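Remarks on the structure that follows.
Residue numbers (full-length UniProt numbering): 1 to 233.
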């Protein structure tokens, strides 16, 4: 799994930076489409078709698909091609439980390392979420939302765990987007981070844990707790 940059300045900041600029552009475009559901779960992606679409070589496409495979967004199998990964409730529930364990278990380490740069970065992510919400750009909102949580966890200084959280985050957002009702309240989604930031600023570990736990469990708007198996159809 690739380790990501968490600067909130652009969409590209939430994707790995280890390939050509062209491959990176293809990767970002396909990531957007998979997260938003334009490329539906189970759809077969062919290198030739994508190369023609993006005006690049099949090698460039292959590089982008390999990176998407690392994120678990596509499944590449010999002689069977590449398919967009499924997005079902069982996977979502397992990843949410893992995400909640990662984010909420180590908040004492985060609180001990709260400083001005961390708070500044998180406020910048929040402002970027608000701007994306006002623009109606759900994908950009999801990128900045992921950046917020990744930057928060980075303060725990557990670099071997951070890439696991990164994967949990993108799949949580994908599930959220594909299963939410139409016309979601994007501005309210951004504002949900305000009390988390306030608890962090106060270094209130108990309040922060409660807020984060609820925030993670109710990812589909303000809906059901997906960590409860009885609430999964």
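Ideal placement from N, C-alpha and C gives every residue a C-beta, glycine not left out.
These numbers were taken from a predicted model, which means no experiment stands behind them.
- Restricting attention to beta strand (DSSP E) runs no shorter than 3 residues, the segment 100-175 encloses none.
- Residue 212 carries a helical assignment under DSSP once its states are collapsed to helix, strand and coil.
- In this structure, residue 92 keeps its C-beta atom at 8 Å or more from the C-beta atom of residue 29.
- A direct Cα-Cα distance of roughly 14 Å separates residue 25 from residue 66.
- Within the UniProt domain "HTH gntR-type" (20-87), the complete beta strand (DSSP E) runs of at least 3 residues fall at 74-77, 81-84.
- Exclusion of the five residues before and after residue 149 leaves 103, 165, 169 as the residues of its chain whose Cβ lies within less than 8 Å of its Cβ.
- Here the C-alpha atom of residue 37 lies approximately 8 Å from the C-alpha atom of residue 174.
- Rounded to whole angstroms, residue 137 and residue 111 show a C-alpha spacing of 32 Å.
- Three or more beta-carbon pairs separated by less than 8 Å are not found between the segment 139-146 and the segment 82-92, which leaves the two stretches without contact.
- The alpha-carbon of residue 82 is positioned some 5 Å away from that of residue 45.
- Excluding residues up to 5 positions away in sequence, 15, 64, 67, 68 lie with their Cβ nearer than 7 Å to the Cβ of residue 27 in the same chain.
- Straight-line measurement puts the Cα of residue 145 at about 21 Å from the Cα of residue 205.
- When only Cα atoms are considered, residue 109 and residue 153 end up about 9 Å apart.
- Residue 105 places its beta carbon 8 Å or farther from that of residue 217.
- Under the three-state reduction of DSSP output, residue 91 falls in the helix class.
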